[in-house]
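To start, the structure under review is shown below, and the notes come after it.
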Amino acid sequence: MNLPVKLYSGSEDNFVVIGHRGASAYYPENTMAAFKAAYEMGAEMIELDILLSKDGVPVVFHDETLDRTTNGTGKVADYTLTELRKLDAGLWFGREHAGEQIPTLEEVLQFAKDRIALNIEIKTEAVTDEHLGGIEEKTLNLVKKYDMEDYVLFSSFDYRAISHLKQLDVDISAALLYEKKQSSRRLPSELVEDYTADAFNCSRRQYTKRWTEDTQRHNIPVFVYTVNKERQMGKMINQGVSGIFSDKPDVLKRVVDNMWKTK
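My numbering puts the sequence shown at residues -10 to 252.
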């Protein structure tokens, strides 16, 4: 089946090696060091998470609060970009990573352009009921500023974000990140149709035989997270997924290359 985005490094196998928050097994997640490493390891796409700073700038960060991965405390949304940039986002991972900053989405786009595709996950905490002026519009404008619309797959656990993106630009590629409560027992194909999505993202465990049959019957690209063991990678690839999110993109690339050679 066709991929919902273009790749800078052509994927003959129609499968995407995705660095989950970069090469986050080896570098502090969602930092430029992790993203650069993922690219150097042969990842074809980088997955990253975005929130808004207090002054409305899309920043790359996973948690609603700063405590786990920085020397700051409290909510990301309570800090301006200038304040966020003063925090250390690497020391928690190891002394050798001290000094890493929280990147802005614009920084990542500048790095990724002409190099690597992106999966930009819009965090639920930043989504509101309004589709204008919010994180979706700010992010989409930045993606268009760098002419990367064809190389970006948006995703979100908050289905409102997908609806907002499609209202802003019906042609932008967006994937539903499966969230049980909002799904009301609908199958992936029903959800994708209801939200005019272009792909379906879910966890490895959620991708059951029933879902596999459903998505393949309806020709829906599926991306699964977060797979770090070689055996599980092989199983997912044989199950027909379009891509895998891994903290170890180097391991995933090796598995894919070896499977490709034996075919």
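We put the CB at the ideal spot given by N, CA and C, even for glycine.
Buried versus exposed call for residue i [16 or more other C-beta atoms within 10 Å across all chains shown]
i    : result
E89  : buried
R220 : exposed
K134 : exposed
D160 : exposed
G45  : exposed
T69  : exposed
V147 : Correcting the residue identity first, residue 147 is Asp in this sequence and not Val. D147 is buried by the Cβ-count criterion.
S42  : buried
S173 : exposed
Span separating the alpha-carbon of residue i from that of residue j
i    : j    : result
I39  : V97  : 11 Å
F24  : E179 : 34 Å
D77  : L37  : 18 Å
G83  : G223 : 31 Å
T93  : I124 : 13 Å
P238 : T117 : 33 Å
A150 : D2   : 30 Å
W249 : D67  : 47 Å
I61  : K75  : For the sequence presented, residue 61 should be read as Gly rather than Ile. Taking the straight line from one Cα to the other gives about 9 Å.
Y140 : Y15  : 25 Å
A115 : K198 : 33 Å
E53  : N247 : 39 Å
R193 : H207 : 19 Å
I109 : Q205 : 24 Å
D56  : L73  : 12 Å
M264 : S145 : Coverage of the chain is limited to positions -10 through 252, which leaves residue 264 absent and any answer about it impossible.
W81  : Y167 : 30 Å
T258 : T185 : It is not possible to answer for residue 258, since the shown part of the chain is limited to -10 through 252.
G63  : K218 : 34 Å
D183 : G122 : 24 Å
Cutoff 7 Å: residue i Cβ touching any chain B Cβ
i    : result
Y148 : Protein chains in the displayed structure number just one, and chain B is not present.
Within 7 Å, strictly: CB atoms of residue i and residue j
i     : j     : result
E33   : L(-8) : no
A163  : D136  : no
S231  : V211  : yes
M255  : V240  : Outside the displayed span of the chain (-10 to 252) sits residue 255, for which this structure offers no information.
T128  : P17   : no
N19   : V49   : yes
Q228  : T251  : no
V(-6) : L142  : yes
Close Cβ partners of residue i (< 7 Å) along its chain, the five nearest in sequence each way excluded
i    : result
R104 : Y(-3) and Y28
V181 : L165, F189 and I209
F4   : I226, S231, G232 and V245
H51  : R10, E18, N19 and D38
Q171 : Y148
Cβ shell of residue i (< 6 Å), same chain only, five flanking positions each side left out
i    : result
L176 : D203
G8   : A27, A32, I35 and P238
Q156 : H120
A267 : With the chain covering -10 to 252 only, the question about residue 267 has no answer from this structure.
E95  : L131
Nearest residue (CA-CA) to residue i, options the options
i    : options                  : result
I91  : N108, T71 and R193       : T71
V196 : V216, V(-6) and T185     : In the sequence as presented, Val is not what sits at residue 196; that position holds Tyr. Closest by alpha carbon: V216.
L107 : K170, D246, G11 and A87  : G11
T270 : H153, F100 and K102      : Beyond the ends of the chain as shown, which are -10 and 252, falls residue 270; an answer cannot be given.
I111 : E126, G79 and S172       : E126
D158 : K218, E138 and G63       : E138
C191 : T185, T59, K169 and D183 : K169
Neighbourhood of residue i by C-beta, 8 Å cutoff - its chain only, sequence neighbours within 5 removed
i   : result
V6  : G31, A32, E33, M34, G232, I233, S235, P238, L241, K242 and V245
A22 : G11, Y16, G79, H86 and E89
Q99 : Y135
S13 : N19, A23 and D236
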